[in-house]
Structure formats: C-alpha cells, structure tokens
Amino acid sequence: MNVRGFGEGDWDEQLADLQYRDTREYAVGHGVAAEAIVVGGECREVRTTWVPVADVERVDPAKMSGVELRMETLAAATSPDAVRAASGDVVKSYRDWIEAQRDAIPEEPERAAIARELLQRAETAARRIEQGFAALDDPQVFEAFRLANAVMAQAARQREGQVRQKPPGEVDAPEWRPFQLAFLMLNIQGLANPTHTDREIVDLLFFPTGGGKRRRISALPPSR
Numbered sequence: 001m002n003v004r005g006f007g008e009g010d011w012d013e014q015l016a017d018l019q020y021r022d023t024r025e026y027a028v029g030h031g032v033a034a035e036a037i038v039v040g041g042e043c044r045e046v047r048t049t050w051v052p053v054a055d056v057e058r059v060d061p062a063k064m065s066g067v068e069l070r071m072e073t074l075a076a077a078t079s080p081d082a083v084r085a086a087s088g089d090v091v092k093s094y095r096d097w098i099e100a101q102r103d104a105i106p107e108e109p110e111r112a113a114i115a116r117e118l119l120q121r122a123e124t125a126a127r128r129i130e131q132g133f134a135a136l137d138d139p140q141v142f143e144a145f146r147l148a149n150a151v152m153a154q155a156a157r158q159r160e161g162q163v164r165q166k167p168p169g170e171v172d173a174p175e176w177r178p179f180q181l182a183f184l185m186l187n188i189q190g191l192a193n194p195t196h197t198d199r200e201i202v203d204l205l206f207f208p209t210g211g212g213k214r215r216r217i218s219a220l221p222p223s224r
C-alpha cells in the first residue's frame, strides 16, 4: 500500500492508494521530493531532488459510436427530442462503463470501500447528465444549448483555421469529446435553476494538459 499509510482517514491518500495500487512508492520526501530510479521493474536507486520529473501518459478521448458529437449538428437540432435521440446514449454508455468497473473492485476491504464510493459518485454524475438532457424541454434552456454549440463551433473553426492556415469553412466539423459534452449536460440543471441542489456542488476536474478543459468550461456561461 501507499507508504504514507492508509489508516489516516485522508480521502486523497485513500483515493491515490486505490488508483495507483499497481505503482510502487519507494520513498516520500519531507521538505524535498524523493525520486526512485527503476530499471527493469527493479528499484536501483532512491534519492532526493528539488525538481522531480515524471512521465505522464497521453490521454486520448474514447470513440463513442451512436452518439452525435458534432457541435454544428447539435446547434441545428429542431427539438429536445432530436438532441436526446442523437446524443442521449452518452448516458447509457457511461452507465455501461460504470457497471464494467464493478468487476475491477479490489478484494482488500479498505480499497473496495473506496472503489464503491467512487462508483456511487459516478452513478450520481450519470443521473445529473440524464437530468441535463431532460432540462432541454425548457425552451430557454434548449435555445441556450443550441447557442452554446453554435458559438463553440464557430470558435473552434476559427482556431483550427489559424493553426492549419485554412479558411474556417474548410476545416473539419468541430466535435465535442464525449466527456466535454457530458460535462456540459451535467451542469445544465444547476445553471438553469437557481434553487437546484446542484448549486451546492463544485465539480473539480483533473485532466492532463491538452485534454480539452478550456473548451468544456467555455461552453458554460457564467450564472448568478
């Protein structure tokens, strides 16, 4: 387990112990970082360092068949039902993934408890995403959703056109990554209804650089 100890009751430490249970932690620095030199799966050296370095694996967005992700297509939707028919399966796909994770719950009681708590939170997120699609039945919410897609598509075309030195109309149709669309739908109820319980929630998202955080956040207008 995590060398810093599991029994301290710190959620972040318990979560890290679960997520990185297959990664060995050889030393922990106090006032300085610790760095292990591992060769062929064996630790050859442990040393202190002021500037630790670690490899961060690239995260590629998963492909999701049967889910419409093109911003301009969603912006042109004529009804909430059309949006749900085109993209609503993102909820089912997420729930299928949640169920698949149950087979990966560790046997250790402490880690199993943390894993079940994470899956419960994921189920709550899936329900909020589903409620976001349902909220499109409000005409104002539906219009705001369409406008958000249109504006984000226009901005994406402008940006991609500059990068590729092409007119905006000649670049590929902008698409959401699945988690970006899910995040947008996750927050719709809290944005649209000032008294909704989601107003008490702060969704903190951690994602490596280049993962698409800015596009996702830009789609959500500020609200009071």
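Under our numbering, residues 1 to 224 are what the sequence shown spells out, in order. No residue lacks a Cβ here, since even glycine has one placed at the ideal position from N, Cα and C. Quick caveat, the model's predicted, so the values are computed rather than measured.
Should residue i go down as buried or exposed, given a rule of 16 or more other Cβ atoms within 10 Å for buried?
| i | result |
| --- | --- |
| Leu181 | buried |
| Gln19 | exposed |
| Glu162 | Sequence check: residue 162 is Gln here, not Glu. Gln162 should be labelled exposed. |
| Gln140 | exposed |
| Glu130 | buried |
| Ala173 | exposed |
| Gln14 | buried |
| Ala85 | exposed |
| Leu191 | buried |
| Ala100 | exposed |
| Gly132 | buried |
| Val91 | buried |
| Val83 | buried |
Ignore the nearest five residues each way along the sequence and tell me which others in residue i's own chain have a CB closer than 7 angstroms to its CB.
| i | result |
| --- | --- |
| Ala34 | Ala27, Val28, Val46 and Thr48 |
| Glu68 | Leu74, Ala86 and Ser87 |
| Leu118 | none |
| Gly9 | none |
| Glu123 | Ile98 |
| Gly40 | none |
So which of the options has the shortest CA-CA distance to residue i?
| i | options | result |
| --- | --- | --- |
| Ala76 | Arg146, Pro167 and Asp172 | Arg146 |
| Met111 | Asp12, Gly9, Asp10 and Asp17 | At residue 111 the sequence reads Arg, which differs from the Met that was named. The shortest Cα separation from Arg111 among Asp12, Gly9, Asp10 and Asp17 belongs to Asp17. |
| Pro167 | Ala156, Glu117 and Arg95 | Ala156 |
| Lys63 | Asn187, Glu175 and Leu118 | Glu175 |
| Asp128 | Arg44, Glu107 and Phe183 | The residue you asked about is not Asp; residue 128 is Arg in the sequence shown. That would be Phe183, whose Cα lies nearest to the Cα of Arg128. |
| Leu186 | Ala153, Arg21, Ala134 and Cys43 | Ala134 |
| Arg102 | Arg21, Ser93, Ala115 and Glu108 | Ala115 |
CB residue i to CB residue j, shorter than 8 angstroms?
| i | j | result |
| --- | --- | --- |
| Ala225 | Ile98 | Since the first and last residues shown for the chain are 1 and 224, residue 225 lies out of range. |
| Gln189 | Asp203 | no |
| Val32 | Trp11 | no |
| Cys43 | Ala36 | yes |
| Asp89 | Gly66 | yes |
| Pro178 | Pro52 | no |
Note down, in chain order, each residue of its chain lying with its Cβ closer than 6 angstroms to the Cβ of residue i, except the 5 sequence neighbours on either side.
| i | result |
| --- | --- |
| Glu170 | none |
| Asp137 | Pro80 |
| Phe142 | Pro80 and Leu136 |
If you drop the 5 nearest sequence neighbours on each side, which residues of the same chain put their C-beta closer than 8 angstroms to that of residue i?
| i | result |
| --- | --- |
| Ala150 | Met71, Glu72 and Ala75 |
| Arg164 | Val171 |
| Glu201 | Checking the sequence, you will find Ile at residue 201 rather than Glu. Gly190. |
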